[in-house]
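Be aware that the sequence shown starts at 1, since it is given in the UniProt record's numbering, and climbs by one per residue. Note that CB positions come from ideal geometry on N, CA and C, so glycine has one too. Fair warning: this is a prediction, and the values are worked out from it, not measured in the lab.
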Amino acid sequence: MMILFLSLIFLAAIVVFIFKFATADGDFTLLSKGPAKREEVQGKVVWITGASRGIGEILAKQFASLGAKLILSARNEAELVRVKNEISGSHPSVGVEVLPLDLGSDEDSVRKAVEKAESFFGGAGVHYMVHNAALERPKRRALDEPVENLEATLKINVLGTITLTHLLAPHMLKRGRGSFVVMSSAAGKCPAPGQAIYSASKHALNGYFHTLRSELYQKGIAVTVVCPGPIETSKVSEASSSGQKGSSEIGENRLDAAAAKGNTYSWKLFFGQKKKST
Ligand SMILES: NC(=O)c1ccc[n+]([C@@H]2O[C@H](COP(=O)([O-])OP(=O)(O)OC[C@H]3O[C@@H](n4cnc5c(N)ncnc54)[C@H](OP(=O)(O)O)[C@@H]3O)[C@@H](O)[C@H]2O)c1
């Protein structure tokens, strides 16, 4: 009787697990982490680059709902102010600072931005640095990509992001705590046809930040590298600028987004497809 009872519980657990997996829309890793932990974020200073739209904007709003203090960066100041105003409207007690920053600018400008970010909120310092900004160009075959595109993408996605890290990490090390969250991509893990340079930039970030983690994890600095597949964010941006309620889920309809963006992630790409014999 006891065995039958345990078997039924086991079977029910498997059914629930399969149901959750089938409805998770590919977010298996997130599923295993459970809901966001408010206590890890509340009152902490979170600096987000690329916060003027897309995933960065959604992240800023989610962090605000968890009680974080926010620093919003991107080039477009007017859009950052819009995001700030929307956050202040829905979460009046949340502190939000706008800090315009071009990741393609020189080291001195990035250093000034770091000093400013460290001084906000009574000099609390940055707890979480979310490296989200990136340049993603329309799809083009690797050999058709002009050299100047290669330079611009690597300058913003890789050099700018690493320079910012390089200048901010010593402040975190002095405090003995801090966290880098890096928005990489599935294109940083596997071949992404039409996105060779973008993919190269994400592979470079993965290499740098996994190594940084290995060097700093015993000194109180955490590094998280996130590698999402295609995400449809335009619906959210359009909805928010038109004042309507958009999708609140990051990663909603991921498979549809992949299809719409024409992205192909497949094991076949690792090994190459055999050419059909004629
Ligand atoms: N959407 C996807 O399907 C997907 C999938 C996997 C990974 N990701 C990654 O997720 C992150 C966000 O993607 P997204 O789709 O939300 O991108 P997005 O809508 O194109 O937004 C990019 C953000 O980066 C900022 N940015 C661009 N160039 C910059 C520069 N030179 N200096 C500072 N900020 C700059 C932009 O603001 P300004 O123009 O105002 O500077 C904007 O806020 C990116 O790292 C992307 O690679 C996206």
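Quick one, are the C-beta atoms of residue i and residue j less than 8 Å apart?
i: Ala113; j: Leu99; result: yes
i: Gly188; j: Lys139; result: no
i: Ala186; j: Cys227; result: yes
i: Leu70; j: Ile55; result: no
i: Tyr128; j: Ser179; result: yes
i: Glu145; j: Ile197; result: yes
i: Val130; j: Leu59; result: yes
i: Lys219; j: Gly160; result: no
i: Ser199; j: Thr153; result: no
i: Phe63; j: Val46; result: yes
Under the three-state reduction of DSSP, which class applies to residue i: helix, strand or coil?
i: Val126; result: coil
i: Leu8; result: helix
i: Met172; result: helix
i: Thr224; result: strand
i: Val15; result: helix
i: His166; result: helix
i: Glu136; result: coil
i: Ile71; result: strand
i: Thr233; result: coil
i: Ser185; result: coil
i: Ser90; result: helix
i: Arg179; result: With the sequence shown as reference, residue 179 is identified as Ser, and Arg is not the correct amino acid for it. Strand, per DSSP.
i: Glu57; result: helix
i: Glu145; result: coil
i: Glu238; result: Model confidence at Glu238 stands at a pLDDT of 41, short of 50, so the residue's coordinates are unreliable and nothing is read from them.
Just the Cα atoms here: how many angstroms apart are residue i and residue j?
i: Val94; j: Ser88; result: 7 Å
i: Ser7; j: Phe17; result: 15 Å
i: Leu11; j: Ser73; result: 49 Å
i: Gly125; j: Lys44; result: 9 Å
i: Ser105; j: Pro35; result: 37 Å
i: Lys155; j: Arg137; result: 14 Å
i: Thr233; j: Phe5; result: 46 Å
i: Arg53; j: Asn76; result: 10 Å
i: Glu115; j: Gly122; result: 13 Å
i: Leu143; j: Phe19; result: 44 Å
i: Leu173; j: Ile3; result: 54 Å
i: Val225; j: Asp102; result: 22 Å
i: His210; j: Ile14; result: 34 Å
i: Lys61; j: Met1; result: 51 Å
i: Glu86; j: Ile9; result: 46 Å
i: Pro92; j: Cys190; result: 42 Å
i: Pro170; j: Leu216; result: 11 Å
Assuming residue i and residue j form a contact by the criterion Cβ under 8 Å, report the distance between their Cβ atoms to the nearest whole angstrom.
i: Val83; j: Glu57; result: 5 Å
i: Asn132; j: Met183; result: 4 Å
i: Leu80; j: Ala117; result: Contact doesn't hold; Cβ gap of about 13 Å is too wide.
i: Val110; j: Thr163; result: 5 Å
i: Leu205; j: Val158; result: 6 Å
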